[in-house]
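Colleague: Pasting in a structure now, in C-alpha cells, and then I'll have a few things to ask.
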Amino acid sequence: MKYAIIAAGDGSRLAAEGVAEPKPRELQRDGLDGVRLPLRYVVKTTPSSMHSFFEISRYMGGGAFCVTTVDTIFRPDEFGGYIRAFKSEVSAGKCQGMMGVTDYIDDEKPLYVQTDEAMGITAFLDSSDSCRYVSAGIYGLTSLPTLDGCMRRGESRMRNFQRAMIADGLVLRAYPFSKVLDVDHASDIQKAEEFLSAE
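Residue numbers 1 to 199, in this note's numbering, belong to the letters of the sequence shown in order.
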C-alpha cells in the first residue's frame, strides 16, 4: 500500500509567527530517527490542495493508498487501526474509500461529514448543526477517476473532490479518530507535541 502527504500551501501563517520552516523538508534527506525512508519528494506550484493531490496521484495507481495533509496530527496507534480497517473493508468489497473523521473540531474551516448509522458517508458540508464529525484530513482510496473528472471541470479544493466522490456514487466509509489536531499557527506546534507525548 502506498502513502502520500500533501504539503500544500506556503505556510504563510506559520511564517508570519516566526516559524522558519513551516513545512517539513528534511525527511527525504535525513530520514526519520536516523532511518532512511523510501520517499519520493515532489515540488510543484499548484493553485489548491486538490491540484497538489492530482500532481502526486500518478504515483498512487495500482491499488489502495492513503493520503493525509501535512498539518494533520493524530495518534499513531489510531492511524494503525484505521489502516487495518480500511484494508479489511476494501478487501471485502464493502467500500471504495475510507475517510478519517473526528468529533474534536480544531480546524479553522472544518468540513463536516454526514454519516448514516453504519458510518457510511452521505455528504460533506461546509456547515452543519447536526453532524457529529468533521474531516480529519486522512483519505484512504482505491481509485482516481473522480479526481480526473474534477480537474477536467476546473474544480479545486479537496472538499470539492470529496463531494464529487459522493456525486459519482462511490461508497465511502467514515473511521472515527478520538482527536486530530490541525497545525496552522506556531502555538499549535507545542499543542501537537504535548498531544503526541501524552500517549
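All residues carry an ideal CB built from backbone N, CA and C; glycine is no exception.
Mark Gln190 as exposed unless 16 or more other C-beta atoms lie within 10 angstroms of its C-beta, in which case mark it buried.
Modeller: Gln190 should be labelled exposed.
Colleague: Quick one: what's got a C-beta closer than 6 Å to Cys66's C-beta in the same chain, skipping five residues either side?
Modeller: Tyr3, Gly140
Colleague: Between the beta-carbon of Phe74 and the beta-carbon of Ala136, is there less than 8 Å?
Modeller: yes
Colleague: Does Ser88 come out as helix, strand or coil in the three-state DSSP assignment?
Modeller: helix
Colleague: Would you mind giving the Cβ-Cβ distance between Met151 and Phe54, rounded to the nearest angstrom? I have them listed as a contact below 8 Å.
Modeller: 6 Å
Colleague: If you follow the beta strand (DSSP E) that Leu172 is in, where does it begin and where does it stop?
Modeller: 172-177
Colleague: If I'm right that Tyr82 touches Gly100 with Cβ under 8 Å, what's the distance once you round it to whole angstroms?
Modeller: Right, their Cβ atoms sit about 6 Å apart.
Colleague: Could you tell me which whole alpha helix (DSSP H) segments of length 4 or greater appear in the stretch 16-68?
Modeller: 27-30, 49-57
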